[in-house]
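> Mapping of the sequence shown onto this note's numbering: residues 335 to 745, in sequence order.
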Amino acid sequence: DPARCLGRGRIVSKDEFLAWEPGVDPGQVAGGAVWSDAQMFSSDRLLLAFVQSAVAQDAVAVNHVEAVSLLRNGRRVTGAAVRDRLSGESMEVEARVVVNAAGAWAAPLSATAGEGGSVGPVTFAKALNLVTRLAAPPVALGSTYAGRFYFRVPWRGVSIFGTSQDAFDDHPDRLGVSAGDVSRLLASINAVFPGSQVLPEDVTLVHRGLLPSTGRSSDGEAILAKSSIVRDHGRSGVDGLVTVVGVRYTTARETAEEAVDAACRLLGGQVPPSHTATAPLAGSDFDSVSALLASATADRTTGLDSATLERLARSYGSAYRSILQRIVRDPELGRPLAESGGVTAAEVVHAVDEEMALTLSDALARRTEAGAAGWPGDDAVRRGARLMARRLGWNAERTGREIDALRAMYP
Numbered sequence: 335d336p337a338r339c340l341g342r343g344r345i346v347s348k349d350e351f352l353a354w355e356p357g358v359d360p361g362q363v364a365g366g367a368v369w370s371d372a373q374m375f376s377s378d379r380l381l382l383a384f385v386q387s388a389v390a391q392d393a394v395a396v397n398h399v400e401a402v403s404l405l406r407n408g409r410r411v412t413g414a415a416v417r418d419r420l421s422g423e424s425m426e427v428e429a430r431v432v433v434n435a436a437g438a439w440a441a442p443l444s445a446t447a448g449e450g451g452s453v454g455p456v457t458f459a460k461a462l463n464l465v466t467r468l469a470a471p472p473v474a475l476g477s478t479y480a481g482r483f484y485f486r487v488p489w490r491g492v493s494i495f496g497t498s499q500d501a502f503d504d505h506p507d508r509l510g511v512s513a514g515d516v517s518r519l520l521a522s523i524n525a526v527f528p529g530s531q532v533l534p535e536d537v538t539l540v541h542r543g544l545l546p547s548t549g550r551s552s553d554g555e556a557i558l559a560k561s562s563i564v565r566d567h568g569r570s571g572v573d574g575l576v577t578v579v580g581v582r583y584t585t586a587r588e589t590a591e592e593a594v595d596a597a598c599r600l601l602g603g604q605v606p607p608s609h610t611a612t613a614p615l616a617g618s619d620f621d622s623v624s625a626l627l628a629s630a631t632a633d634r635t636t637g638l639d640s641a642t643l644e645r646l647a648r649s650y651g652s653a654y655r656s657i658l659q660r661i662v663r664d665p666e667l668g669r670p671l672a673e674s675g676g677v678t679a680a681e682v683v684h685a686v687d688e689e690m691a692l693t694l695s696d697a698l699a700r701r702t703e704a705g706a707a708g709w710p711g712d713d714a715v716r717r718g719a720r721l722m723a724r725r726l727g728w729n730a731e732r733t734g735r736e737i738d739a740l741r742a743m744y745p
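(1) List the endpoints of the continuous beta strand (DSSP E) containing Lys460.
(2) Using 8 Å as the Cβ pair cut-off and three pairs as the minimum, do the stretch 713–720 and the stretch 690–699 touch?
(3) Leaving out five residues before and five after Arg406 in sequence, what residues of the same chain have Cβ atoms less than 7 Å from its Cβ?
(4) With a threshold of 6 Å on Cβ separation, who are the neighbours of Ala445 within its own chain once the five nearest residues in sequence on each side are excluded?
(5) Output the distance between the C-alpha atoms of Val402 and Ala441, rounded to the nearest integer angstrom.
(6) Comparing C-alpha positions only, which one of Arg599, Leu558, Leu643, Ala647 sits nearest to Gly574?
(7) What residues are listed by DSSP as bridge partners for Trp791?
(8) What ranges does the alpha helix (DSSP H) occupy inside the stretch 653–726, keeping only unbroken runs of at least 4 residues that lie completely in it?
(9) Pick helix, strand or coil for Arg542, following the three-state DSSP scheme.
(10) Where does Thr612 land, buried or exposed, given buried means 16+ other C-beta within 10 angstroms?
(11) In terms of alpha-carbon separation, which member of Val487, Val368, Trp439 lies closest to Lys348?
(12) Based on the DSSP output, what are the partners of Thr577 in its beta bridges?
(13) Between Gly617 and the rest of its own chain, which residues show a CB-CB distance below 7 Å, the 5 nearest in sequence each way excluded?
(14) Per DSSP, what are the beta-bridge partners of Thr478 in this structure?
(15) If I'm right that Arg486 touches Ala474 with Cβ under 8 Å, what's the distance once you round it to whole angstroms?
(16) Is the beta carbon of Gly568 less than 8 Å from the beta carbon of Ile557?
(17) Going by CA-CA distance only, name the one from Arg669, Glu681, Ala390, Ala586 that's closest to Ala435.
(18) In whole angstroms, give me the CA-to-CA distance for Ser561 and Asp595.
(19) Taking buried to mean at least 16 other C-beta atoms within 10 Å of its own C-beta, is Tyr583 buried or exposed?
(20) Identify every residue that forms a DSSP beta bridge with Arg406.
(21) Do Ile661 and Ala641 have their C-beta atoms within less than 8 Å of each other?
(22) In chain order, what are the residue ranges of uninterrupted alpha helix (DSSP H) at least 4 long that sit wholly in the stretch 507–556?
(23) Since Val358 and Gly529 are thought to touch, with beta carbons under 8 Å apart, how far apart are those beta carbons, to the nearest angstrom?
(24) Closest to Leu545 by C-alpha separation, out of Phe458, Ser522, Asp371, would be which residue?
(25) Using the DSSP secondary-structure output, state which residues sit across from Phe375 in a beta bridge.
(26) Excluding the 5 residues flanking Ser674 on each side, which residues of the same chain have their C-beta closer than 8 Å to its C-beta?
(27) Hey, out of Val564, Ala438, His609, whose CA is closest to Thr589's CA?
(28) Please list, in chain order, all residues of the same chain as Thr733 whose beta carbon is under 6 Å from its beta carbon, the five residues on each side excluded.
(29) I need the DSSP call for Ser570, collapsed to helix, strand or coil.
(30) Going straight from the alpha carbon of Pro614 to that of Ile657, what length do you get?
(31) Of the choices Ala593, Tyr744, Leu443, Glu689, whose alpha-carbon is the least far from that of Glu400?
(32) Using 8 Å as the threshold, is the C-beta distance between Gly705 and Gly668 below it?
(33) In chain order, what residues of the same chain have a beta carbon less than 7 Å from the beta carbon of Arg410, not counting five sequence neighbours either side?
(34) Please say whether Thr466 and Asp308 have beta carbons closer to each other than 8 Å?
(35) Going along the chain, which residues of its own chain have a beta-carbon closer than 6 Å to the beta-carbon of Ala395, five neighbours each way excluded?
(36) Compare the C-alpha of Ala707 against each of Pro471, Arg645, Val492, Ala429 and name the closest.
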């Protein structure tokens with residue numbers, strides 16, 4: 335889409351910079367550098383689009399199934415022992431080649447293959463961003479404090495602040511966020527952006543994750559890795575196993591291509607050329623974003639307002655029509671979960687029927703936008719839970735547990 339190309343960067347004066355961010359201490363500013371960058375509307379739905387695209391090419395995807403350990407016969411990995419995290423049921427899955435792309439869990443999983451399964455010293459940093467209720471600035475702003483870079487980014491009408499990056503030496507299962515973590519990040523943010531003065535009660539969601547690092551600096555700070563790991567363990571005596579540890583979304587496709595090529599070599603025969611650099615993802619059946627939005631907002635089949643239609647197009651791409659078709663068949667599904675508007679009932683039902691949403695958190699926090707910026711609201715959560723309970727046969731106890739699990743995700 336030519337209209338989505340990034341613009342050129344430029345240097346701006348001190349006065350122009352302060353016009354954008356008057357809250358910054360003028361004595362600490364000599365000017366600014368301006369550049370353009372891209373922003374994902376929904377990283378969760380983009381990830382889902384990759385899964386859907388793989389399924390369209392005959393992949394089999396399952397949700398809430400955990401790889402517990404690798405199976406090995408002699409020097410060859412022959413599959414994995416897996417467990418359904420919802421039912422507790424366990425089974426073994428056999429495979430000629432296993433690609434371990436378990437993120438922060440990749441190293442401990444590969445280690446279950448025994449001697450030769452280690453990926454070496456892989457360390458991680460705990461990274462945090464804070465989604466707040468503060469109004470979005472006109473542009474994203476960044477500056478340094480105590481040797482670190484911090485930013486304030488506009489996102490869907492609110493501000494996201496970040497990022498803290500602290501060394502993390504524990505097991506990834508024990509990744510958590512304490513009140514102290516948030517307080518320390520807020521102190522740094524308020525030092526960089528004194529005009530914002532973000533309070534703890536302004537924080538509506540904490541983005542947290544583990545980023546690969548290469549160790550610590552002399553002052554103890556985590557040093558983020560710049561290159562992905564793609565390791566064929568045949569070199570260390572374990573055949574049939576490829577371990578992947580990616581470092582960023584912008585290089586993920588290239589890393590995946592390298593990993594799949596490695597797996598194809600292990601399967602034998604010629605490695606076919608990858609087409610993923612140009613293959614369209616699920617939901618990308620449109621010529622340009624502007625054409626997609628124009629088509630969506632002009633739709634009059636459901637009675638939805640233009641803001642909702644635009645949001646659906648941005649979230650689902652060309653697949654937004656699937657949501658509209660559900661509403662045409664059952665107009666009641668066009669009602670928003672909350673009286674104030676937002677995500678429709680049709681999106682929750684679609685998540686269950688078509689997108690492997692098996693928990694309330696799946697539907698409201700990972701498939702739809704209901705919980706993307708904070709707690710969706712009690713009314714929206716209760717209605718979403720009722721919809722899923724009817725679809726999946728939950729009783730009152732299970733429904734209550736689902737609501738509690740969703741609530742635990744938010745401050």
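Yeah, the Cβ is synthetic: ideal placement off N, Cα and C, and Gly gets one too.
In this structure, then:
(1) Its beta strand (DSSP E) spans residues 457–469.
(2) The stretch 713–720, when compared against the stretch 690–699, does touch it at the 8 Å Cβ threshold.
(3) Cβ within range, chain order: Thr412, Ala447, Gly448.
(4) So the list reads Gly451, Ser452, once near-sequence residues are dropped.
(5) Taking the Cα positions, Val402 is about 12 Å away from Ala441.
(6) Among Arg599, Leu558, Leu643, Ala647, the Cα nearest to that of Gly574 belongs to Arg599.
(7) The question about residue 791 has no answer, for the chain in this structure spans 335 to 745.
(8) For the stretch 653–726, the continuous alpha helix (DSSP H) assignments of 4+ residues that do not extend past its boundaries occur at 654–663, 679–688, 712–726, in sequence order.
(9) Taken through DSSP and simplified to helix, strand or coil, Arg542 comes out as strand.
(10) Counting Cβ neighbours within 10 Å, Thr612 comes out exposed, since fewer than 16 surround it.
(11) If we check each option's Cα against that of Lys348, Val368 comes out closest.
(12) According to DSSP, Thr577 bridges with Asn434, Arg565.
(13) Correct list, in chain order: Ala383, Tyr650, Gly651, Ser652, Ala653.
(14) According to DSSP, Thr478 shares a beta bridge with Phe483.
(15) In this structure Arg486 touches Ala474 by the C-beta definition: roughly 7 Å separates them, less than 8 Å.
(16) Annotated as distal: Gly568 and Ile557, with beta-carbon spacing of 8 Å or more.
(17) With distances taken between CA atoms, Ala435 lies nearest to Ala586 out of Arg669, Glu681, Ala390, Ala586.
(18) Distance between the alpha carbons of Ser561 and Asp595 is about 17 Å.
(19) By the 10 Å Cβ count, Tyr583 comes out exposed.
(20) In DSSP, Arg406 forms a bridge with Val411.
(21) The Cβ-Cβ distance between Ile661 and Ala641 does not fall below 8 Å.
(22) Qualifying alpha helix (DSSP H) stretches, in chain order: 513–526.
(23) With a contact defined as Cβ atoms closer than 8 Å, Val358 and Gly529 qualify at about 7 Å.
(24) Ranking Phe458, Ser522, Asp371 by Cα distance to Leu545 puts Phe458 first.
(25) None; Phe375 has no bridge partner.
(26) Contacts found: Gly711.
(27) Of Val564, Ala438, His609, the residue nearest in Cα terms is Val564.
(28) The answer, listed in chain order, is Ala719, Ala723.
(29) Assignment of Ser570 by DSSP, reduced to helix, strand and coil, places it in the helix class.
(30) Rounded to whole angstroms, Pro614 to Ile657 spans 21 Å at the Cα level.
(31) The option with the nearest alpha carbon to Glu400 is Leu443.
(32) Cβ distance not < 8 Å, so Gly705 and Gly668 don't count as in contact.
(33) Cβ within range, chain order: Asp573, Gly574.
(34) Because residue 308 is not part of the residues shown, which for the chain are 335 to 745, the question remains open.
(35) These residues qualify, in order along the chain: Val385, Val389.
(36) Looking at the Cα atoms, Val492 is the closest of the given residues.
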